[in-house]
Structure formats: structure tokens, C-alpha cells
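In our numbering, the protein residues as written are 19 to 320.
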């Protein structure tokens with residue numbers, strides 16, 4: 019590990035932080051340390067980091083803006099690479115856009131709306147990065163990333179870069195191929211439509227206000243914890259099970275929206291995991307419905 023750190027610093031790949039608490043880099047404000055956290059200063063630095071890490075035999079985990087992510091209290095062994103500060107470019111060519119995976123999804127939706135381009139209204143208020151949204155096929159208001167993505171540029175840990183079209187991304191509900199082949203989204207290409215600028219801006223603002231009024235963004239959280247077990251809605255099942263406000267340690271089922279677990283102060287990943295398991299058990303016992311997590315659970319468990 020010491021040799022890798024020395025080589026990374028000599029290669030000037032960007033910020034190299036040792037034993038960095040990942041709670042500083044997640045929207046839940048939860049997570050133990052990474053052996054090494056790299057914040058690359060360019061795409062070339064990202065590729066160099068992956069190459070040097072592969073030679074060292076250590077594992078790599080990529081994060082963006084840290085939403086939809088629960089990191090173990092024991093942290094992550096190996097190298098964590100944070101890409102949100104480097105892959106944030108944006109090119110607009112008529113009604114087509116090319117955007118870096120580290121770009122804020124909310125910020126992108128706002129910029130695009132002011133250009134009179136329609137297609138990202140659903141993203142008003144969705145936290146996280148474009149890359150995370152592609153990875154999870156994020157969506158809301160009866161739309162999602164799969165409805166606008168034409169292709170994505172994907173980097174693999176062996177340095178291979180591939181471009182996949184929409185069909186090749188294997189999108190389904192909150193799912194893409196990246197969840198099984200562990201590719202890293204570098205950038206996405208979206209096909210939008212020209213529309214009435216004022217109406218588009220108003221729609222995004224309405225979606226932002228809806229989230230503000232119905233979701234607990236005044237506490238650290240990750241977004242929705244469970245996938246909707248269609249035709250049911252996870253939040254409704256949890257609320258009907260009487261679990262709103264139920265807490266374990268500093269982790270609480272939100273009193274505003276039951277599909278959110280909030281950090282009301284000092285919550286640990288263990289608290290959250292125990293609460294997730296409890297929710298699953300109660301909901302299944304009451305309604306015979308199995309809930310599956312939407313949040314990604316990562317890190318050392320032993």
C-alpha cells in the first residue's frame with residue numbers, strides 16, 4: 019500500500035488521502051475509512067490511477083456524489099476513487115447533450131431547462147451524479163434515464179473503454195448492466211426535445227417543490243432506500259406497517275416519507291442495516307411482500 023501511495027503521488031494524479039473517512043463523502047454522512055481515497059484531477063489521471071492500482075493487486079471502488087450509497091462502518095479496503103470533481107463537463111449541441119458522469123443531476127436538469135430542452139424534468143430534485151443516475155437508471159414521475167440516454171461511455175478497470183447504446187445498457191427498473199459488470203460511467207449522451215422554456219422550467223420547479231414538501235432533505239439521507247415492489251409502493255407499505263418514526267440508534271424511518279431512512283445524529287451503518295432488516299421483516303410479516311434495497315451496500319462487513 020505504501021508503495022502504491024508513493025507511485026500515485028509521484029504520478030500527480032490528484033488528491034491522495036490516506037485513511038480518509040468516507041462519511042465526509044456520502045449524503046448519509048455515514049461510512050468508515052478508505053485505505054486510500056483518490057480525487058483525480060483529469061480523466062488521464064483517472065486512467066493512471068486505475069492502471070497503478072491494478073498493478074498493485076488492490077481493489078477499486080468508484081463514487082460520485084455519494085448518494086444512494088451505504089458504506090460500512092469499517093470502511094472499504096483498497097482504493098476509492100471520487101470522480102464527481104473531474105468528470106463534470108457539459109456540451110450542448112442542439113437537442114443533444116454530452117455530459118460527464120460527475121456532473122450533478124439536479125444542476126444539469128436546471129441548466130437544460132433554461133435552454134428550453136425537455137426530457138430531464140423528472141430529475142428536478144434527484145440528488146447525486148449523472149454517472150450514479152445511469153448506474154441505477156434513476157427516475158421519478160413516470161420517467162427515468164433510459165428514456166433519454168442514447169449511449170454511454172464506460173471505463174473498465176483494465177483500462178478498456180467501451181461505448182454502449184441504450185439497448186446495450188440493459189436498462190430496467192433501477193437497474194443497468196453496470197451493476198453486474200462493474201463498469202465506470204465516464205459520460206452520457208442524452209437526446210432531448212425542444213420545448214416551451216417557461217413550461218419546462220415550471221415543471222422542474224414543481225418537481226423540486228414536490229420533493230421538498232414530501233421528502234426529508236433537512237436530514238442526511240441517501241434517497242429512497244427500497245425499490246417499489248410494483249404494483250405496491252415501498253413507502254406506503256412501511257407507513258401502513260406503522261414504522262414511520264421508528265429508530266435504531268441515530269437511524270430513523272422518516273416521519274415525512276417512510277421510504278427514507280434519515281441520520282438524525284450519529285447514525286452508523288450498523289444502525290441503518292439493522293433498521294433495514296427490521297423493516298423488511300415487519301413488512302413481510304404484515305403484507306407478505308419482500309422489500310429489496312435500492313441503496314447500494316458496500317464495504318467491509320467482518
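Idealized CB from N, CA, C, for every residue including glycine. Since we're looking at a predicted model, the values are computed, not measured.
First and last residue of the uninterrupted alpha helix (DSSP H) at residue i
{"i": "residue 259", "result": "From DSSP, residue 259 is part of no alpha helix (DSSP H); its letter is neither H nor E."}
{"i": "residue 269", "result": "Premise fails: residue 269 lies in the beta strand (DSSP E), 269-271, not in any alpha helix (DSSP H)."}
{"i": "residue 65", "result": "61-74"}
{"i": "residue 292", "result": "287-305"}
{"i": "residue 277", "result": "From DSSP, residue 277 is part of no alpha helix (DSSP H); its letter is neither H nor E."}
{"i": "residue 231", "result": "215-232"}
{"i": "residue 3", "result": "The question about residue 3 has no answer here: the residues shown for the chain are numbered 19 through 320."}
{"i": "residue 131", "result": "123-132"}
{"i": "residue 20", "result": "20-28"}
C-alpha distance - residue i paired with residue j, whole-angstrom precision
{"i": "residue 140", "j": "residue 195", "result": "22 Å"}
{"i": "residue 264", "j": "residue 52", "result": "31 Å"}
{"i": "residue 293", "j": "residue 233", "result": "19 Å"}
{"i": "residue 26", "j": "residue 68", "result": "10 Å"}
{"i": "residue 112", "j": "residue 297", "result": "47 Å"}
{"i": "residue 104", "j": "residue 217", "result": "32 Å"}
{"i": "residue 280", "j": "residue 269", "result": "6 Å"}
{"i": "residue 300", "j": "residue 114", "result": "46 Å"}
{"i": "residue 318", "j": "residue 79", "result": "12 Å"}
{"i": "residue 95", "j": "residue 76", "result": "8 Å"}
{"i": "residue 143", "j": "residue 222", "result": "8 Å"}
{"i": "residue 3", "j": "residue 48", "result": "Within the shown structure, residues of the chain are numbered from 19 to 320, placing residue 3 beyond reach of any answer."}
{"i": "residue 97", "j": "residue 71", "result": "7 Å"}
{"i": "residue 162", "j": "residue 227", "result": "19 Å"}
{"i": "residue 314", "j": "residue 244", "result": "10 Å"}
{"i": "residue 201", "j": "residue 248", "result": "28 Å"}
{"i": "residue 137", "j": "residue 183", "result": "18 Å"}
In DSSP terms, what residue i is bridged to
{"i": "residue 114", "result": "111, 209"}
{"i": "residue 175", "result": "Beta-bridge pairing links residue 175 to no other residue."}
{"i": "residue 180", "result": "172"}
{"i": "residue 157", "result": "162"}
{"i": "residue 52", "result": "38, 94"}
{"i": "residue 314", "result": "87"}
{"i": "residue 57", "result": "33"}
{"i": "residue 203", "result": "172"}
{"i": "residue 193", "result": "190"}
{"i": "residue 167", "result": "208"}
{"i": "residue 136", "result": "211"}
Residue range of the unbroken beta strand (DSSP E) whose run includes residue i
{"i": "residue 152", "result": "Careful: residue 152 lies outside any beta strand (DSSP E), inside the alpha helix (DSSP H) at 148-154."}
{"i": "residue 38", "result": "32-39"}
{"i": "residue 88", "result": "87-89"}
{"i": "residue 80", "result": "78-81"}
- prompt: Can you find at least 3 beta carbon pairs, one from the stretch 188-205 and one from the stretch 153-160, that sit closer than 8 Å?
  reply: With the cut-off at 8 Å, the stretch 188-205 and the stretch 153-160 touch.
query: Is the stretch 43-60 touching the stretch 87-106, taking contact as three or more C-beta pairs under 8 Å?
result: By the Cβ rule, the stretch 43-60 counts as touching the stretch 87-106, because three or more pairs are nearer than 8 Å.
- prompt: Just checking, does the stretch 248-256 make contact with the stretch 302-312 on the three C-beta pairs under 8 Å criterion?
  reply: Between the stretch 248-256 and the stretch 302-312, the count of Cβ pairs shorter than 8 Å is three or higher; the stretches touch.
- prompt: Any contact of the stretch 197-215 with the stretch 169-181, i.e. 3+ C-beta pairs under 8 Å?
  reply: A contact exists between the stretch 197-215 and the stretch 169-181.
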